[in-house]
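*Asks:* Numbering (the numbering used here), first residue to last: 11 to 468.
1) By the DSSP assignment, the alpha helix (DSSP H) with residue 293 in it spans what residues?
2) Would residue 130 and residue 112 be called neighbours here (beta carbons separated by less than 7 Å)?
3) Are three or more beta carbon pairs between the region 204 to 223 and the region 317 to 325 nearer than 8 Å?
4) Could you check how far apart the C-beta atoms of residue 1 and residue 187 are, in whole angstroms? I think they sit under 8 Å.
5) Should residue 82 be labelled buried (16 or more other beta-carbon atoms within 10 Å of its own) or exposed?
6) When you compare each of 57, 206 and 159 to residue 275 by their alpha carbons, which one comes out closest?
7) To the nearest angstrom, report how far apart residue 329 and residue 385 are at their CA atoms.
8) Beta carbon of residue 312, beta carbon of residue 360: below 7 Å?
9) When we look at the beta-carbon of residue 253 and count the other beta-carbons within 10 Å, is it buried (16 or more) or exposed?
10) Measuring only the C-alpha atoms, how far is residue 443 from residue 317?
11) My guess is that residue 511 and residue 382 are in contact by the Cβ rule of under 8 Å, so how many angstroms apart are they, rounded?
12) What does DSSP give as the partner residues of residue 86 in its beta bridges?
13) Please tell me whether residue 458 and residue 464 are closer than 7 Å, where the distance is taken between their beta carbons.
14) Comparing alpha-carbon positions, which option in 376, 223, 377 and 425 lies nearest residue 193?
15) Hey, is the region 275 to 294 in contact with the region 404 to 422, meaning 3+ C-beta pairs nearer than 8 Å?
16) Which residues bound the alpha helix (DSSP H) around residue 253?
17) Report, in whole angstroms, the separation of the C-beta atoms of residue 269 and residue 310, which I expect to be a contact under 8 Å.
18) For residue 120 versus residue 378, is the C-beta spacing smaller than 7 Å?
19) Three or more C-beta pairs under 8 Å: does that hold for the region 99 to 119 against the region 149 to 158?
20) DSSP on residue 41, reduced to helix/strand/coil?
21) Report buried or exposed for residue 476, applying the criterion of at least 16 other Cβ atoms within 10 angstroms of its Cβ.
22) What residue range is occupied by the uninterrupted alpha helix (DSSP H) comprising residue 162?
23) Which same chain residues, not among the five before or five after residue 63, have their C-beta less than 7 Å away from its C-beta?
24) Do the region 72 to 81 and the region 195 to 210 make contact, defined as three or more Cβ pairs closer than 8 Å?
25) Identify whether residue 359 lies in helix, strand or coil by the three-state DSSP scheme.
26) Give the DSSP bridge partners of residue 297, in chain order.
27) Between the region 343 to 354 and the region 228 to 239, do three or more beta carbon pairs fall short of 8 Å?
28) Going by CA-CA distance only, name the one from 363, 54, 61 and 375 that's closest to residue 96.
29) Could you name each continuous alpha helix (DSSP H) segment of 4 residues or more that falls completely within the region 384 to 433, going from the start of the chain to the end?
30) What's the gap between the Cα of residue 145 and the Cα of residue 446?
31) Under three-state DSSP, which class holds residue 184?
32) Mind checking residue 246: buried by the 16 CB within 10 Å criterion, or exposed?
33) With a cut-off of 8 Å on the beta carbons, I'd call residue 428 and residue 451 a contact; round off their distance for me.
34) Would you kindly work out how many angstroms separate the C-alpha atoms of residue 30 and residue 139, rounded to a whole number?
35) What three-state label does DSSP hand residue 126 in the structure shown?
36) Taking residue 87 as the reference, which of 115, 292 and 46 has the closest Cα?
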């Protein structure tokens with residue numbers, strides 16, 4: 011019993027809990043700049059507009075006297091003249107329990123119950139921590155189905171501290187990525203359980219996850235590939251999957267029905283505000299599907315994934331051994347290929363101000379499987395101590411680098427959107443700004459990027 015209680019994977023989860031919380035407490039993200047900033051302003055705005063100002067049309071902006079509140083509201087105005095947030099309301103659904111607690115605290119304290127005072131900042135920040143940590147707990151359960159305690163523990167620690175998931179939990183938590191990380195892992199967990207024994211509770215979870223992910227970010231409809239492609243890796247398993255679907259058609263209908271439920275608030279909101287159930291809230295923004303920025307997305311110094319999150323090289327190497335867990339042999343490559351293609355086809359492929367390729371954080375739950383496979387192979391190597399030594403040193407260096415560069419980004423040594431090779435070289439492992447910092451920056455041309463003519467991808 012003692013052995014079961016003190017396991018490597020449980021210890022890793024405890025380290026993650028303490029490490030994440032310490033870093034949040036250390037930087038005090040709600041002290042000064044706040045957490046309701048950048049895109050979070052748009053994601054969050056549905057809640058105060060609806061439940062505090064009783065005005066989903068956002069006309070209260072013209073009359074609100076609190077300048078701080080006014081500065082925290084960011085809406086677009088359509089050609090027809092109606093105001094609306096740019097982002098969909100999925101994150102508001104996930105924020106809502108924490109918003110409710112914050113509103114109760116504000117109404118029963120000296121803090122303004124305006125949706126943007128300190129209780130709201132703190133609770134919205136903690137919501138990201140809550141969901142991401144739930145994702146870690148579920149991911150541990152998934153990985154232990156296939157891998158040892160040591161491999162699982164190492165992989166969880168690498169994801170938690172060696173990737174930009176660390177940044178998007180402890181610094182910019184209320185952005186969408188910690189939430190998508192959790193939703194995908196919950197979806198994968200329910201998918202595995204459903205295939206072991208179809209039950210309506212798992213069907214409901216699958217439907218809710220896909221619907222909620224879609225209303226967080228429309229391209230997350232791709233999450234549906236996970237239950238569709240799970241355990242399909244050749245023609246025979248495809249036929250088996252089709253027979254399972256036919257035999258459990260009621261479950262499939264439940265998934266489809268429940269999928270719609272998280273979409274209803276968004277559809278109703280659009281109908282009330284715009285007069286149409288379907289509305290493209292990103293206005294003139296879109297995709298350049300004929301010119302996805304794959305090379306700069308992976309290796310460019312502006313935001314390149316493997317430049318700013320190099321430890322995920324181990325995960326990419328692990329794809330080679332996916333046949334060891336056949337359930338994912340086709341699912342993971344197919345999902346990654348399609349998702350990355352869509353992500354890097356977006357006009358602003360670097361996704362504005364961000365630490366590394368922030369959109370890739372969403373599918374780290376899937377990448378944990380090839381990451382484990384790679385570490386498993388390293389552990390299995392006999393007598394090749396040099397390989398193990400180099401791997402261990404690399405892992406420690408990449409984790410240290412990630413934590414250090416997170417700090418660099420916070421103080422803008424790593425610039426939010428204007429990095430290039432020369433600037434990266436000038437600030438690499440540095441604590442102070444170079445004298446020619448501003449001259450080294452290469453700001454992106456957003457107008458040219460909109461029409462796919464922005465060429466500086468360094």
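Beta carbons are placed, not taken as given, at the ideal position from N, Cα and C, and that holds for glycine.
*Replies:* Looking at the atomic coordinates:
1) Neither: residue 293 is in no alpha helix (DSSP H) and is coded neither H nor E.
2) yes
3) no
4) What the structure shows of the chain is the stretch from 11 to 468, and residue 1 is not part of that stretch, so it cannot be assessed.
5) buried
6) 57
7) 12 Å
8) yes
9) exposed
10) 20 Å
11) There is simply no residue 511 to check, as the chain begins at 11 and stops at 468 in what is shown.
12) 94
13) In this structure, residue 464 lies closer than 7 Å to residue 458 by Cβ.
14) With distances taken between Cα atoms, residue 193 lies closest to 223.
15) The region 275 to 294 and the region 404 to 422 do not touch, with fewer than 3 CB-CB distances between them shorter than 8 Å.
16) Counting along the chain, the alpha helix (DSSP H) containing residue 253 begins and ends at 245 to 257.
17) Distance from residue 269 to residue 310 at the Cβ level is roughly 36 Å; contact not present, criterion being Cβ atoms closer than 8 Å.
18) no
19) no
20) Note on residue 41: pLDDT 49, under 50, position unreliable in the model; no value is reported.
21) Nothing about residue 476 can be reported from this structure: the residues present for the chain run from 11 to 468 only.
22) Per DSSP, residue 162 belongs to the alpha helix (DSSP H) from 159 to 172.
23) 70
24) no
25) coil
26) 356
27) yes
28) 54
29) Within the region 384 to 433, the complete alpha helix (DSSP H) runs of at least 4 residues are 395 to 420.
30) C-alpha separation (whole angstroms): 42 Å.
31) coil
32) exposed
33) 4 Å
34) 8 Å
35) coil
36) Comparing Cα-Cα distances from residue 87 to each of 115, 292 and 46, the minimum goes to 292.
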